[in-house]
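Here the structure is laid out as structure tokens; the discussion comes afterwards.
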Amino acid sequence: MERVATFFVLVALAAVPVLTAIFDAPFYLDLFGRVMIYAIAALSLNLVMGYGGMVSFGHAAFLGLGGYAVGILAKEGIDSGFVQWPLAVGSCALFAFLTGLVVLRTSGAYFIMITLAFAQMLFFLFTSLAEYGGDDGLTIWTRSEFSGLIDLNDGASFYYLVFVLLLLCLGISARLVDSRFGMVLRGAKANERRMRAIGFPTFRYKLAAYTISGAMCGLAGALLANQAEFVGPSVLHWSRSGEILVMVVLGGMGGVAGPVLGAAAYLLLSYFLADLTKHWAIIMGPLLILVVLYARGGLLGLLGGRRAKADSP
Amino acid sequence: MTALLLIEQTLNGLQLGVMLFLMAAGLTLVFGIMNMINLAHGSLYMVGAYCAALFLEWTGSFVLAALLALPATLLVGLVVEIVVLRTLYERDHLDQVLATFGLILFFNEAVHLVGGAEALYLDLPTFLKGQVEIIPGSPYPLYRLVVIAVGLAVALGLYLLVTRTRTGMLIRAGASNRAMLSALGVNVRLLFTAVFGLGAMLAGLGGVMAGPTVSVQSGMGENVLILAFVVIVIGGIGSIRGAFVAALLIGLIDTMGRAFMADIMGLVMSHAAAQTAGPTVASMLIYLLMAGVLFFRPQGLFPPRGR
Numbered sequence: 000m001e002r003v004a005t006f007f008v009l010v011a012l013a014a015v016p017v018l019t020a021i022f023d024a025p026f027y028l029d030l031f032g033r034v035m036i037y038a039i040a041a042l043s044l045n046l047v048m049g050y051g052g053m054v055s056f057g058h059a060a061f062l063g064l065g066g067y068a069v070g071i072l073a074k075e076g077i078d079s080g081f082v083q084w085p086l087a088v089g090s091c092a093l094f095a096f097l098t099g100l101v102v103l104r105t106s107g108a109y110f111i112m113i114t115l116a117f118a119q120m121l122f123f124l125f126t127s128l129a130e131y132g133g134d135d136g137l138t139i140w141t142r143s144e145f146s147g148l149i150d151l152n153d154g155a156s157f158y159y160l161v162f163v164l165l166l167l168c169l170g171i172s173a174r175l176v177d178s179r180f181g182m183v184l185r186g187a188k189a190n191e192r193r194m195r196a197i198g199f200p201t202f203r204y205k206l207a208a209y210t211i212s213g214a215m216c217g218l219a220g221a222l223l224a225n226q227a228e229f230v231g232p233s234v235l236h237w238s239r240s241g242e243i244l245v246m247v248v249l250g251g252m253g254g255v256a257g258p259v260l261g262a263a264a265y266l267l268l269s270y271f272l273a274d275l276t277k278h279w280a281i282i283m284g285p286l287l288i289l290v291v292l293y294a295r296g297g298l299l300g301l302l303g304g305r306r307a308k309a310d311s312p
Numbered sequence: 000m001t002a003l004l005l006i007e008q009t010l011n012g013l014q015l016g017v018m019l020f021l022m023a024a025g026l027t028l029v030f031g032i033m034n035m036i037n038l039a040h041g042s043l044y045m046v047g048a049y050c051a052a053l054f055l056e057w058t059g060s061f062v063l064a065a066l067l068a069l070p071a072t073l074l075v076g077l078v079v080e081i082v083v084l085r086t087l088y089e090r091d092h093l094d095q096v097l098a099t100f101g102l103i104l105f106f107n108e109a110v111h112l113v114g115g116a117e118a119l120y121l122d123l124p125t126f127l128k129g130q131v132e133i134i135p136g137s138p139y140p141l142y143r144l145v146v147i148a149v150g151l152a153v154a155l156g157l158y159l160l161v162t163r164t165r166t167g168m169l170i171r172a173g174a175s176n177r178a179m180l181s182a183l184g185v186n187v188r189l190l191f192t193a194v195f196g197l198g199a200m201l202a203g204l205g206g207v208m209a210g211p212t213v214s215v216q217s218g219m220g221e222n223v224l225i226l227a228f229v230v231i232v233i234g235g236i237g238s239i240r241g242a243f244v245a246a247l248l249i250g251l252i253d254t255m256g257r258a259f260m261a262d263i264m265g266l267v268m269s270h271a272a273a274q275t276a277g278p279t280v281a282s283m284l285i286y287l288l289m290a291g292v293l294f295f296r297p298q299g300l301f302p303p304r305g306r
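From first to last, the protein sequence lines stand for chains W and S. Position one of the first sequence corresponds to residue 0 (numbering that gives the first Met the number 0), numbered consecutively onward. Position one of the second sequence corresponds to residue 0 (numbering that gives the first Met the number 0), numbered consecutively onward.
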């Protein structure tokens with residue numbers, strides 16, 4: 000079921016630019032582009048949370064850091080995507096590695112709190128950077144340039160680039176999870192002490208996973224900044240971390256593609272609810288609670304199959 | 000002049016500290032006994048402030064409004080506990096974070112519906128508006144002193160409740176071994192509802208007292224909530240004593256950092272660089288402190304015994 004659902008979602012996503020061109024509704028191109036970008040962010044979180052059991056409540060930090068890397072470089076006159084994007088991904092990997100050294104010493108509730116704390120730290124850092132917009136954020140006047148290879152100003156090209164990157168991240172996730180590395184990670188989630196006892200330095204594996212996850216989320220941040228042509232502290236707000244968490248859980252943590260379904264469901268739902276009433280959050284909140292209380296295993300769980308896996312305590 | 004400023008900032012830090020303690024006390028009790036992360040605790044703080052603002056409009060008396068706001072927040076807290084949180088105790092932290100995140104979305108929008116989209120303001124009555132000269136020549140707002148006094152009184156009361164009464168004994172027992180307490184015939188569920196109500200009321204009190212110093216608006220509880228999380232993590236989750244020490248520590252460090260960091264950094268670098276970097280470092284200071292504490296003591300400064 001999961002494969003079928005994923006396949007249909009991906010085909011639908013691939014068809015979006017054609018449909019928006021026919022019906023002349025460029026807004027939806029933006030909306031679904033954002034869905035895919037958040038899907039990448041949710042994928043990255045699922046890597047550490049779904050498989051490693053590390054509930055990070057600070058992934059918005061990477062989203063923001065990746066975005067600011069693009070924004071700050073653009074402001075300094077460096078428009079080349081070949082410089083911007085690797086720097087965005089690299090700085091996020093570095094930040095994840097360095098904070099990972101600290102946060103991975105803790106577990107459980109402490110882990111949730113300390114990841115949140117690091118994200119808040121970045122939030123306040125960028126809020127106080129008056130030179131780069133401070134509170135108001137930073138407008139990005141030109142999207143990343145790839146010296147004629149691809150033009151990001153063209154809606155459909157940008158969309159398909161995001162689509163390809165999403166496929167890439169899906170592929171990487173799937174490969175990682177089924178590799179020896181992924182097995183160790185899942186083993187550490189189930190019983191870390193036992194994994195250590197049989198000789199795996201679980202800390203290093205978790206640190207590697209956390210770094211990869213941060214890098215992947217940084218890519219999403221760079222894409223988001225390009226799409227919005229803006230980056231501001233709101234991207235790093237802690238509620239953003241919460242939203243990414245919601246997407247992962249909504250989609251279901253058992254499978255690789257859950258986050259994609261979750262991101263689509265969350266963003267489309269909030270969009271349509273917001274269309275219905277400006278008080279959309281008053282419906283979204285209780286809906287979320289109901290999902291947590293009664294639809295364990297998320298959308299994948301509802302589709303059947305992976306329920307048992309996602310239910311592990 | 001510097002000494003005056005120092006005293007003033009110490010008092011400000013103390014004020015922030017006791018406010019944080021009011022939030023952190025509820026959080027840490029709820030976590031200590033039921034192992035539950037409650038993000039919606041900040042919403043209760045907001046509900047307290049909103050209730051006070053609405054009751055003030057209705058009654059015209061600040062004291063009456065404050066006194067009415069407390070049971071109102073208690074009531075909201077109990078309803079939330081019974082309707083939503085009760086089912087979450089047996090779930091993992093992730094489910095708790097998500098469901099209470101949903102509660103935040105709900106409450107932030109609900110206060111918009113009840114109190115309107117505009118921020119509300121709580122006007123102080125005249126008898127609280129004055130200034131006091133703590134040391135001759137430096138007036139300090141009376142209300143801030145009242146906040147400190149109330150906060151310290153509540154902390155003392157809570158300390159006596161937890162260490163000297165039978166209820167307190169049950170609370171401590173619940174924190175160290177819930178299953179055993181339940182096996183001894185204590186209705187842990189009821190105990191927890193009571194503790195949650197107490198925590199809700201303390202958060203509400205924090206909101207009421209903060210009301211006159213900030214604007215009462217949707218989302219006002221979130222920054223305080225995150226600071227309170229930092230407090231309970233540094234203090235050791237589940238420890239009231241740790242929450243108290245850490246709350247004052249955070250309050251003082253944050254306030255002092257904001258006031259003096261630029262000058263302190265000016266000693267080692269150029270004035271201009273210190274003026275830009277100072278506020279940045281100051282705003283990150285407590286998170287750095289938290290990271291440092293967790294690095295050396297992953298369980299916090301006062302980890303609760305018996306677990």
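Glycine residues also receive a C-beta, built at the ideal position from the N, C-alpha and C atoms.
- PHE22/W counts as exposed, since fewer than 16 other C-beta atoms from the protein chains shown sit within 10 angstroms of its C-beta.
- The beta-carbon distance between GLY250/W and LEU266/W, rounded to whole angstroms, is 12 Å. This is too long to meet the 8 Å contact definition.
- Sequence-distant Cβ neighbours of LEU218/W in its own chain, meaning closer than 6 Å and more than five residues away, are VAL88.
- Interface annotation for the segment 203-224 of chain W against chain S: empty, criterion Cβ-Cβ distance under 9 Å.
- In terms of beta-carbon proximity, TYR286/S lines the interface with chain W, with at least one pair separated by less than 8 Å.
- CYS50/S and LEU15/S have their C-alpha atoms some 21 Å from each other.
- Listed along the chain, the chain S residues whose CB falls inside 8 Å of the CB of THR201/W amount to none; the nearest CB is some 16 Å away.
- Following the DSSP letters along the chain, one finds GLN130/S inside the beta strand (DSSP E) bounded by residues 130-134.
- For SER127/W, the nearest beta carbon of chain S is closer than 8 Å to its own beta carbon.
- Contact between the segment 54-69 of chain W and the segment 274-286 of chain W is absent: fewer than 3 CB-CB pairs across the two stretches fall below 8 Å.
- Comparing alpha-carbon positions, the option among ALA68/S, MET168/S, GLY256/S, SER282/S lying closest to PHE54/S turns out to be ALA68/S.
- Approximately 4 Å separates the beta-carbon atoms of GLU108/S and ALA280/W; this is inside 8 Å, confirming the contact.
- At a cut-off of 8 Å between beta-carbon atoms, GLY101/S makes contact with chain W.
- Spatial neighbours of SER233/W in its own chain (CB-CB distance under 8 Å, excluding positions within 5 residues in sequence) are listed in chain order as GLY136, ARG239.
- For SER282/S, the nearest beta carbon of chain W is closer than 8 Å to its own beta carbon.
- Residues of the segment 228-241 of chain W that bring their beta carbon within less than 7 Å of a beta carbon in chain S comprise TRP237, GLY241, in sequence order.
- For GLY203/S and GLY41/S, the gap between their C-alpha atoms comes out near 9 Å.
- Its chain contains GLY80, ARG142, SER143, GLU144, PHE145, PHE157, LEU160, ASN225 as the residues whose beta carbon lies nearer than 8 Å to that of LEU151/W, once the 5 sequence neighbours on both sides are disregarded; these appear in chain order.
- When beta bridges are read from the DSSP output, THR138/W appears opposite PHE229/W.
- Between ILE249/S and VAL230/S, the beta carbon gap of about 5 Å places them in contact (Cβ cut-off 8 Å).
- Cβ-Cβ distances below 7 Å link ARG174/W to nothing in the same chain once the five nearest sequence neighbours on each side are left out.
- If only complete runs of 4 or more residues are kept, the segment 177-224 of chain S shows the alpha helix (DSSP H) at 177-182, 187-209, in order along the chain.
- Taking a 10 Å sphere around the C-beta of ALA221/W, we find 16 or more other C-beta atoms and assign the residue as buried.
- Rounded to whole angstroms, the separation of the alpha carbons of GLY32/W and PHE162/W is 8 Å.
- LEU148/W carries a coil assignment under DSSP once its states are collapsed to helix, strand and coil.
- Judged by their CB atoms, SER172/W and VAL248/W are not nearer to each other than the 8 Å cut-off.
- Between ALA208/W and GLY76/W the beta-carbon gap is near 36 Å, outside 8 Å, which marks them as no contact.
- In the DSSP assignment, SER137/S falls within the beta strand (DSSP E) that extends over 137-140.
- Assignment of SER55/W by DSSP, reduced to helix, strand and coil, places it in the coil class.
- No residue range can be given for PHE199/W, since it is assigned to no alpha helix (DSSP H) and is classified by DSSP as neither H nor E.
- Looking at the backbone, the Cα of GLY173/S and that of TYR88/S are separated by about 14 Å.
- The contact set of ALA24/S on chain W, defined by CB atoms closer than 8 Å, is empty, because the minimum CB distance reaches about 17 Å.
- Taking a C-beta distance under 8 Å as the contact criterion, SER212/W and ALA95/W qualify as a contact pair.
- When C-beta atoms of the segment 107-119 of chain W are compared with those of the segment 266-276 of chain S, fewer than three pairs fall below 8 Å, so the two segments do not count as touching.
- It is roughly 16 Å from the alpha-carbon of THR212/S to the alpha-carbon of ALA148/S.
- Contact annotation: MET215/W and SER43/W have beta-carbon atoms nearer than 8 Å.
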